Amino acid sequence: MRNIYFTLPWILIFSACFFLLCSCKKEFPNVDPNPIPENPLELEVSNTFDWKTTRDITLEVSGIAIPVSIRNTLQVKSPDELKVYLKNQLFMNEDYSLKFTIPAYESQVVITYGSIRKVIDVTSDILYFEYQSQ
Amino acid sequence: MKVIQSVLISCIFLTMPAAYSQYAEDFDAGSTSYYEALCWDFSHADVNSSQPISGSRSIRTDKLNSNIGNITSPWVLLSGTGNLTFQHRIYNYNGSRTLKVYLISEANPDGELLLEYDYSNGTTQNETIPITQSGMYKFKWRFSGSGGSSRGQLDEISFPGTYAADPSNDCDPISINPDADGDGVPDSEDDYPSDQYRAYDNYYPATGQSTLAFEDLWPSAGDYDLNDLVVGYSFKIITNADDHVVDLKGTFVLRAAGAGLHNGFGFQLPDVDPASIISTTGYDIEPSSGYSIGSNGLETGQTNATVIVFDDFFRFLVPSGGGVGVNTSVGQTPIPFDTITITMVFINNGIPGSGGTVSLTALNISEFNPFVVAGMERGKEIHLPDFEPTDKADPQYFGIEDDDSNSATGKFYKTASNLPWALNIYEEFDYPLEEVSIIAAYLKFSDWVQSSGAQFPDWYQDNPGYRNAANIY
């Protein structure tokens, strides 16, 4: 009997703390680290954000020593090959550094040179193209 | 057919440089993939640096216990005299091993046997085979045998003819493509096959039109409905065989103006000397507008080539009354779009402007610098964020009200919180209704901005959940 008198207050205290902590936890708001403002003037814009919807790409083409002079058209296209971002006549034995622009959302491009066709992931602003297989 | 083939072969003979009269390979220049790119074909063989016959690499077959190592050359144009020479051996010689060499033509793809050699030891053999055939041929080396770990090796091949494969055309025999205008671009690749001064059409954007959307209250921040001036644009750039710009045609579609101001519009080609432009036509400016246009159609007094496309939007799309401006409010009578086409000539009959030629790369059309002339006040230019003003911009407006431009840091036409007064959208853009901010119309715009472009780079497209259609004109 004495034990009951001794332990009951402690049980009540622990229970009260438990419910208190649970309810306190519920009171914490879900803070969005990147809230969407209703007013454009409240947008948080980085100093370095360029506001462009496009991405400028440099394509480094490595020539290959070939015993004859081969000249053909290099094209950079969208993955569905419906958009041509670059079209240029290149000698196969020369190196080139070419620039083109793609929509910022494009994650792959198709590069063709005559019958040579490669699909390249746009992982940086500099892409590399070699005539030989990887 | 034979006549055509003879003519073709004769043409090739005529065009082959004398320096290429003898094709030889020592296989020291690269890996297997390198030589495959040069149209060599390897089956159960590769270019290998392990104990080469000579130099740093030889061709080496797989172990000849159950495999047959085949090596096939590119097409070679044989002259009818001379010798095929090469070195060969069996590495780790043991047991019966044989090399056969064939001469392959399109008419005889199985090949004519030139040599059959049975190895009796592992020493290097120097082979010389007289070749009397002329025309297009390949050579094929076939190593065979059974048991053990022997491999065939091949090196220092010299052909009695010239290299004649086209790696850019499935390694087919090289051909003479017709080039009617003689500009070096084959007719099949030439957008202007009968014009020696033009070769390619280049388009920006790649298809359709891009869109410029401006706020016009600069240097005060506006309401960010980005419809005070909406202009669609596309460029067709004609280049010659040397990648020099010959003509540039800019098509500008006047779509909307949710503005009270009478605004003009122009663009500058950064880093293009005005003297490189021979003529500019198609712009539409009233003489009374006060612009100073030179004899080549460019605005005078500018360091870089600058075109004033139109002086007052409302001369072309006249407001019908009701709402603000044109084509931005529900209930307004829609006004049909108008189009202005600008043609700039860089090279005329092969002769460039006095400022010299401009390459397609140097033109860098995606970085062209469009601007609004606000309220027909020439010095009040509004550009895309961080694009420099032209020489005619009035500096008194920089750094006042909401503008936070700072030429020392290269910051232009942005507020202190880095908001712009204009956007250049790669595709056709359905702009917001009058006085509806772009945030309320394009639901992923904020995510795009606040992630510095990492999220939703396609925010302007009509994808599920991207738009509130009720807020778009």
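Protein chains in written order, with my numbering: chain A, 1 to 134; chain B, 135 to 607. Beta carbons: idealized from backbone N, C-alpha and C, even for Gly. Fair warning: this is a prediction, and the values are worked out from it, not measured in the lab.
* Any C-beta of chain B under 8 Å from that of Glu44(A) -> yes
* Considering only residues of the same chain and omitting the five flanking positions on each side of Tyr594(B), which have a CB-CB separation below 6 Å? -> Ile559, Phe563
* Is any beta-carbon of chain B found at less than 8 Å from that of Asp56(A)? -> yes
* Beta-carbon contacts of Val235(B) that lie in its chain and below 6 Å, excluding the five residues immediately before and after -> Leu248, Leu249, Trp275
* Asked: Enumerated in chain order, which unbroken segments of the beta strand (DSSP E) with a length of 3 residues or greater are wholly contained in the stretch 234-314 of chain B?
  -> 246-252, 259-264, 268-279, 285-293, 295-297
* Could you check what DSSP says for Met510(B) in three-state terms: helix, strand or coil? => helix
* At a CB-CB cut-off below 7 Å, which residues of chain B make contact with Asn72(A)? -> Ser302
* Asked: Among Glu420(B), His222(B), Thr257(B), Ser213(B), which has the Cα closest to the Cα of Ser268(B)?
  -> Ser213(B)
* Asked: Using a beta-carbon distance below 8 Å, is Asp592(B) in contact with chain A?
  -> yes
* To do: Decide if the stretch 512-531 of chain B is in contact with the stretch 434-445 of chain B; the criterion is three or more beta carbon pairs, one per stretch, under 8 Å apart.
  => yes
* Buried versus exposed, by CB contacts within 10 Å (16 or more), Val647(B) -> The first residue shown for chain B is 135 and the last is 607, placing residue 647(B) beyond what the model contains.
* Asked: Is the shortest distance between the beta-carbon of Cys17(A) and the beta-carbons of chain B less than 8 Å?
  -> Note on Cys17(A): pLDDT 49, under 50, position unreliable in the model; the coordinate value appears next. Closer than 8 Å: no.
* Using 8 Å as the limit for Cβ to Cβ distance, is Val319(B) near chain A? -> yes
* **Nearest to Thr414(B) (by Cα), restricted to the options Asn430(B), Ser541(B), Asp472(B)** => Asn430(B)
* Asked: Exposed or buried, Phe28(A), counting other C-beta atoms within 10 Å across all chains shown (16 or more means buried)?
  -> Residue placement at Phe28(A) cannot be trusted, given a pLDDT of 47 that sits under 50; the coordinates are not used to answer.
* To do: Please confirm if Glu515(B) has its CB atom under 8 Å from at least one CB of chain A.
  => no
* To do: Answer yes if the stretch 57-75 of chain A comes into contact with the stretch 527-535 of chain B, meaning at least three C-beta pairs across the two stretches below 8 Å, and no otherwise.
  => no
* To do: Could you tell me whether the Cβ atoms of Leu567(B) and Ile516(B) are closer together than 8 Å?
  => no
* Report all residues from its chain with a CB closer than 7 Å to the CB of Glu106(A); omit the five preceding and five following residues, and keep chain order. => Ser78, Val122
* Three-way DSSP call (helix, strand, coil) for Phe80(A) in this model -> A quick correction: the sequence has Asp, not Phe, at residue 80(A). Correct three-state label for Asp80(A): coil.
* To do: Between the Cα of Gln343(B) and those of Asn374(B), Glu561(B), Cys305(B), Asp592(B), spot the shortest distance and give me the residue it belongs to.
  => Glu561(B)
* Looking at C-alpha atoms only, which residue of Ser585(B), Pro591(B), Asn597(B) is the closest neighbour of Asn47(A)? -> Ser585(B)
* **Cβ-based neighbour list, Gly456(B), same chain, cut-off 8 Å, excluding 5 preceding and 5 following** => Ser463, Gly465, Gln466, Thr467
* To do: State yes or no: is the C-beta of Tyr425(B) within less than 8 Å of the C-beta of Thr373(B)?
  => no
* **Selected residue, minimal CA-CA separation from Tyr131(A), among Pro103(A), Leu43(A), Asn72(A)** => Asn72(A)
* **C-alpha distance - Phe546(B) paired with Asn461(B), whole-angstrom precision** => 29 Å
* To do: Mind listing, in chain order, the continuous beta strand (DSSP E) runs of no fewer than 3 residues lying wholly within the stretch 309-378 of chain B?
  => 334-338, 344-348, 363-373
* Asked: By Cβ distance below 7 Å, which residues in the same chain neighbour Ala409(B) in space, the five residues on each side in sequence not counted?
  -> Gly487, Ser488, Gly489
* To do: Closer than 9 Å by beta-carbon distance: list the chain B residues that pair up with Ile64(A), in chain order.
  => Gly164, Tyr168, Ala171, Leu172, Pro301
* To do: Determine the DSSP secondary structure at Gln156(B), reduced to helix, strand or coil.
  => coil
* Asked: Quick one: does the C-beta of Val319(B) sit closer than 7 Å to a heavy atom of the ligand MN?
  -> Absent from the structure shown: the ligand MN. Ligands present: none.
* Asked: What does Phe124(A) reach in chain B if we use C-beta pairs closer than 8 Å?
  -> Phe is not the amino acid found at residue 124(A); the sequence shown has Ser there. Within chain B, no residue comes near Ser124(A); the closest Cβ sits about 14 Å away, beyond 8 Å.
* Within the 8 Å Cβ cut-off, does Asn605(B) reach chain A? -> no
* **Opening and closing residue of the alpha helix (DSSP H) in which Leu497(B) lies** => 494-497
* **Members of the stretch 366-381 of chain B that neighbour chain A once the beta carbon cut-off is set at 8 Å** => Ala375, Asp377
* To do: Note down the Cα distance separating Gly400(B) from Gln436(B), rounded to an integer number of angstroms.
  => 13 Å
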